[in-house]
C-alpha cells in the first residue's frame, strides 16, 4: 500500500477533501461578503449589514446586570476566586451537577413547567453543533439516512452529515400550506429511501423552525410520533429556539407530546442549546436530551470531544438557578423579540414585502418571489447577489436552506441594534422601489397588477383571476401566505409608487 | 429496509454499540473505584487516593494571584463587564485572534523561543481529546491506520479510533532500551500492516511521553521524520506535556527538528493543550497546529464541533499575553514538578520501588515487576486490584497503556496536596512491606535474593548471576532500569525487613 509515485497518494482523508462540509453554500458565502466589508455606523456606513446571523443581542443588559450583582458566580472575581482551582480542574464529562440541574429546570420553565427534565439525561456538548453530531453518531451508521423537512438549517449538512457519513433526505414542504410537515410528504420521502435501498434511521425536525420562525403544532407532532413509532425509527427534535416564541400559538415541546401519545420513548431525543434562547453562542453550551439510556450513556462518552468550559458551566449554574431572574429574563426576552419582529415586519410591509406568518425565532422568512425575474433558483441567486452587492445586506437565500420554491429569504433581525435595523429597512425600501420601477418599465402593460390592494378574502378571490393571468403562476399560488393573509391588507411592492 | 420483527432492528449505531470507546479499560475502572470511595483527609481518610489522574494542581496559586490583579481580563467583573456582550456573542471558529496570538507566543516560550508558531496555523479544539480526533478525521479514512509506540495513553483508543474508524497499530517498545522508539520497531509495524493490507497514514507519538514521563531525543525524532518522509505518511506529535519538563535532557519539539531536517512539512502536525502545562483541563483548550494548509482549513471547520468558550478564550488571552507572568509561571511550575517528582520517587525508593528515569510529566512509570506473582498480565491485574482494593490507591496498570511487559504502572503525583502524597507513600511502603513479608514466607529458600544491595555497577554485575538464577528471568532483564541504575544504591523490596 506504499505510495510509490510522487503525489499519487492522497495525503488527507476523504472527509477532509470531499467538500461535504457545506461551507460552499451561499449561506456562508454571504457571511464572507459581510466579513470583507462589515457595516459600521461611523467607520463604514455603506458596508454590508449582517442579517444572516441568527443571534439574539436583545437581552444582554439583563445578564450584565445580574453578573454585576453576583460576583460570586464567577471564578475571576475576588468573591469567587476561591473556587478557581476546583473549577479549572473540573473536567468530568458528566458535566457540573449544579449546571445540569439548573439547565433541566430552565428547560422546564421554557415549557411552562408542563413537563420536567431529568438532569441525568442531559448530555453536554460543544453547542448545538456538537450535540447534533453526537446524536447522529449515536443513532445512525455511515450511509444510513435521516429525513428532514425542508427548508432546513444549512449547517445541518455539516453538523449531521459531514463526519458521520449520514445522509439527509428531504421531506418536501412548501408554501401551499405554510411549509407544514404532512404525513404524505413524510411517507413519500420514506418510500423513496426504501426504493433506493437506503436505511432510514429517523426524522429530525427543528421546532421552532429555522428558517421559518414557526412552531410545529400539536397535531403535526403527534402525527410525527406515530409515524416514527410505526416504523420504529428515531425522532430528533431540535428545540434550540424554544424560548424565542414571542406570540401565540405557544410552543409545544416533544417532551409534552410524548406525555399524551403512546410511543416507544427510546426513539425520542431533543437537541438544545443556550446560544439562541440566552444569546450566548460564544459559551458553546449544547445539550442532547434523550429518553434512551443507551444514547445518554454513549453520548456522555462523546461529550469528551466538546466539553463545555467549566468556567462557563460554573457561571451559568448560578445564573440559571436564579428563578426570579430567569422568569423575568424569559418574559422580557420574548417581549423584546416580539417588538423587534413587529418593527421589522411592519417595515417590510411598508416596502411591500410579506413574510411567512411566524411566532418564533430571530428571523423572518421573507417572500421575495414577486421580485424574481423568473421563478427559478438562478433568478433567486441573481436577486441574492444583487441584495448582497447593491443593497449591502447579507440575507440568506432559500436555496441554501434546501427550500424547493425559489424566492424565499431568511432575514435575521435580532443581531443588531435598532439604528442598524432602521438603516437595513431603509435600504430594503429603496431597493424595492428601484426594482419596482425597473419592473414597472419592463412590464408596463401589466401595471395594474402591482397596484392591487387586497382588502379581504373576497377581494382576493375576485382579483386573483386577473392577477394570475398576467404573472407567473407559482408566484401567487392560491395557498401562498400572501393570498391567505386573512383580514389583512396586502400592499403590493410598487404601492408606494402611487 | 423497514424493521418488520419487533426488536429485530438495531436502534443505535455501530459506534454506539461497538464498545470501542475504550472505557472498559482498567484505566477507567480505576477511576470508578476512586469515584465510589474517594479519599478525604477528614471525611474519608481510608478512601481511595486518586493517582490515576494526570493533573497539575501545583501552580494554581500563581494563576489566582494573577487573576486577582487583573480583573479586566474577566467579563464577569465590573472592570471587564463592558466586554460581556461582545465576548458572549463571539462564536467564530477561527478563534479569538488575541487568544491565538498569545497561544502561539506561549508555545514558542515553552520551546525556549528556538522556534516560533504562526497564529494562523492554530486550530482550536475542545481539549486535546477534540484536537486528536480532528487530526485523525483530517488525515485518515475509516480503516486506515496510524502507528503508535507503546506504551501509550489509554484514551487514544477513544480519541483517535472510536468515531473515526481509524486503526492504531502498535510500535513495540520495551524496557530493554528504556522504551525508546527504534527504527526497527517502526519498520516492523509498518511491514506488518502492509502484509495485512492495511493502509498506514502516519505515526503518532507523545513527546513528552505519557505514561513514560520521558522526552523523545533529537536523534529519534530525526529518524521518525526520515521514516515518515520516506513513506510520505504523516507524523503527529502530541506535545501536551511540553511545559512539564523539569530537568535535563531538555524538551525538543518536532517544530525544531523540521528546521534542521529536510522533509515535506505537509506531513507534520502538533497536538497541544493547556490542560497539563497550565493545569486547566476544565477550560477545554485544545490545539491542532499543522504545517499543512489543507489540514488547517479542514480542521478549522471541524472546530465547530468543540469550540473553546469565548469567556475562557478572553481570560486566557490576557493571561498568556503577560510575558513577565508566563516566564515566571513556566519556571516556577517546572521547579514545583521537579520537587514533587523528587519527593515521590525518593519515597518510592525508600519502599524499594524504582521508576523509569524520567524528566517530564505529572507521573512516574513505576516498575512493580518484582511484586508480580508471575510475569503475566493476569498477575499484573491481580496486583492492580490489590492496590486498588487493599492499598486504596488508584494507579493505572501498564496493560491499559498497551505496554507489552507486565508489571509497569503509571502513578500520578501532581494532582494532590503534599499531605495526601505522603499518605499515599506511606500506604505504598506498608504494602510493599506486607508483600515482601508474604513473598518472603512463600519463597523462604530464596531469601538471600531480597537482601541484595547494589553498591555500584560492578556490584550489580557480580551479584546479578546469583540473582537471576533464582528469580524469574524477565523481572530483572539486564537492560531494565533497575539493573541500569548507575552509581545508585538499589535497596531491594524487603531491605527494611532486616
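Residue numbers (the numbering used here), protein chains in the order written: chain A, 13 to 510; chain B, 13 to 510. Beta carbons are placed, not taken as given, at the ideal position from N, Cα and C, and that holds for glycine.
| Residues that residue 28 of chain A contacts on chain B, provided the C-beta gap is smaller than 8 Å | Result: 149, 150, 151, 306, 307 and 310.
| task | Give the DSSP bridge partners of residue 366 of chain A, in chain order. | result | In DSSP, residue 366 of chain A forms a bridge with A:379.
| task | Find the residues of chain D that neighbour residue 278 of chain A, judging by a C-beta separation of less than 7 Å, and give them in chain order. | result | Absent here is chain D; the protein component of the structure consists of chains A and B.
| message | Relative to the C-alpha of residue 74 of chain B, which candidate in B:440, B:332, B:186 and B:419 has its C-alpha closest? | response | Taking only the C-alpha atoms, the option nearest residue 74 of chain B is B:332.
| task | Ignore the nearest five residues each way along the sequence and tell me which others in residue 404 of chain A's own chain have a CB closer than 6 Å to its CB. | result | Within the same chain, 60 come within 6 Å of residue 404 of chain A by CB-CB distance, once the 5 residues on both sides are set aside.
| query | Quick one: Cα of residue 28 of chain B to Cα of residue 338 of chain A, how far? | reply | The C-alpha of residue 28 of chain B lies about 36 Å from the C-alpha of residue 338 of chain A.
| task | Could you check the C-alpha separation between residue 312 of chain B and residue 407 of chain A for me, to the nearest Å? | result | Looking at the backbone, the Cα of residue 312 of chain B and that of residue 407 of chain A are separated by about 24 Å.
| Within chain B, the residues that residue 319 of chain A reaches when beta carbons sit closer than 7 Å | Ordered by position in chain B, the residues that pass the 7 Å Cβ test against residue 319 of chain A are 138, 139 and 296.
| query | Exposed or buried, what is residue 98 of chain B when buried is set at 16 or more other beta-carbons lying within 10 Å of its beta-carbon? | reply | Under a 10 Å Cβ-count criterion, residue 98 of chain B is classified as exposed, with fewer than 16 other Cβ atoms of the shown protein chains found around its own Cβ.
| Euclidean distance between Cα positions of residue 213 of chain B and residue 234 of chain B | Taken atom to atom, the span from the alpha-carbon of residue 213 of chain B to that of residue 234 of chain B is near 19 Å.
| task | Please report how far the alpha carbon of residue 195 of chain A lies from the alpha carbon of residue 365 of chain A, in whole angstroms. | result | Per the coordinates, the alpha-carbon of residue 195 of chain A lies some 31 Å from the alpha-carbon of residue 365 of chain A.
| Going by the beta-carbon positions, is the gap between residue 183 of chain B and residue 201 of chain B smaller than 8 Å? | Contact flag set, yes.
| said: Which residues does DSSP list as the beta-bridge partners of residue 422 of chain B? | reply: Residue 422 of chain B is bridged to B:377 and B:408.
| said: Rounding to the nearest angstrom, what Cα-Cα distance links residue 10 of chain A and residue 293 of chain A in this structure? | reply: Since the first residue of chain A shown is 13 and the last is 510, residue 10 of chain A is not available in this structure.
| request: Out of B:23, B:120, B:89 and B:64, point me to the one whose CA is closest to residue 266 of chain B's CA. | output: Ranking the options by Cα distance to residue 266 of chain B, first place goes to B:120.
| query | At a CB-CB cut-off below 8 Å, which residues of chain A make contact with residue 42 of chain B? | reply | Going along chain A, no residue has its Cβ under 8 Å from residue 42 of chain B, so there is no contact; the nearest lies around 15 Å.
| request: Find the residues of chain A that neighbour residue 324 of chain B, judging by a C-beta separation of less than 8 Å, and give them in chain order. | output: Under the 8 Å cutoff, chain A gives 321, 323 and 324.
| task | Give a yes or no on whether the C-beta atoms belonging to residue 108 of chain A and residue 322 of chain A are separated by under 8 Å. | result | Going by C-beta atoms, residue 108 of chain A is nearer than 8 Å to residue 322 of chain A.
| Tell me, which residues are paired with residue 281 of chain A by DSSP? | In DSSP, residue 281 of chain A forms a bridge with A:248 and A:302.
| query | With a cut-off of 8 Å, does the C-beta of residue 240 of chain A fall near any C-beta of chain B? | reply | No, no contact with chain B.
| query | By Cβ distance, which residues of its chain are closer than 8 Å to residue 43 of chain A, with the 5 residues on each side in sequence left out? | reply | Excluding residues within five positions, the ones whose Cβ falls inside 8 Å are 62, 64, 65 and 406.
| message | Does any residue of chain B have a CB that is nearer than 8 Å to the CB of residue 59 of chain A? | response | Answer no: the Cβ-Cβ gap between residue 59 of chain A and chain B never drops below 8 Å.
| When you check each C-beta in the region 189-212 of chain A against every C-beta of chain B, which residues fall closer than 8 Å? | Per Cβ criterion, the list reads 205, 206, 209, 210, 211 and 212.
| said: Please tell me whether residue 329 of chain A has its Cβ less than 8 Å away from any Cβ of chain B. | reply: It does not: the Cβ of residue 329 of chain A has no partner Cβ on chain B nearer than 8 Å.
| Using a beta-carbon distance cut-off of less than 9 Å, what residues from the region 279-293 of chain A approach chain B? | If you check each beta-carbon in the region 279-293 of chain A against every beta-carbon of chain B, the ones closer than 9 Å belong to 279, 287, 290, 291, 292 and 293.
| request: Can you give me the Cβ contacts of residue 330 of chain B inside the same chain, cut-off strictly under 7 Å, excluding the 5 residues immediately before and after it? | output: Within the same chain, residue 330 of chain B has close Cβ partners 82 and 85.
| request: Within 10 angstroms of the Cβ of residue 54 of chain A, are there 16 or more other Cβ atoms? Answer buried if so, exposed if not. | output: By the 10 Å Cβ count, residue 54 of chain A comes out exposed.
| Does the beta-carbon distance from residue 325 of chain A to residue 72 of chain A come in below 8 Å? | Residue 325 of chain A places its beta carbon 8 Å or farther from that of residue 72 of chain A.
| query | Between residue 444 of chain A and residue 211 of chain A, what straight-line distance do the alpha-carbon atoms span, to the nearest angstrom? | reply | Here the alpha carbons of residue 211 of chain A and residue 444 of chain A stand approximately 46 Å from one another.
| task | Give a yes or no on whether the C-beta atoms belonging to residue 283 of chain B and residue 143 of chain B are separated by under 8 Å. | result | Note that the C-beta distance between residue 283 of chain B and residue 143 of chain B is below 8 Å.
| Going by C-alpha distance, which of A:171, A:193, A:158 and A:176 is nearest residue 204 of chain A? | Closest option to residue 204 of chain A, Cα to Cα, is A:158.
| task | Using the Cα positions of residue 304 of chain B and residue 135 of chain B, report the straight-line distance between them to the nearest angstrom. | result | Taking the straight line joining both Cα atoms gives about 12 Å.
| request: Return no unless some Cβ of chain A is closer than 8 Å to the Cβ of residue 101 of chain B. | output: Yes, because at least one Cβ of chain A sits closer than 8 Å to the Cβ of residue 101 of chain B.
| query | What's the gap between the Cα of residue 37 of chain B and the Cα of residue 149 of chain A? | reply | If you take the alpha carbons of residue 37 of chain B and residue 149 of chain A, they lie about 22 Å apart.
| task | Assign residue 163 of chain A to one of two classes, buried (16 or more other C-beta atoms within 10 Å of its C-beta) or exposed (fewer than that). | result | Buried, since its Cβ has 16 or more Cβ neighbours within 10 Å.
| Which listed residue (B:425, B:154 and B:218) has its alpha carbon closest to that of residue 358 of chain B | Cα-wise, what sits closest to residue 358 of chain B is B:425.
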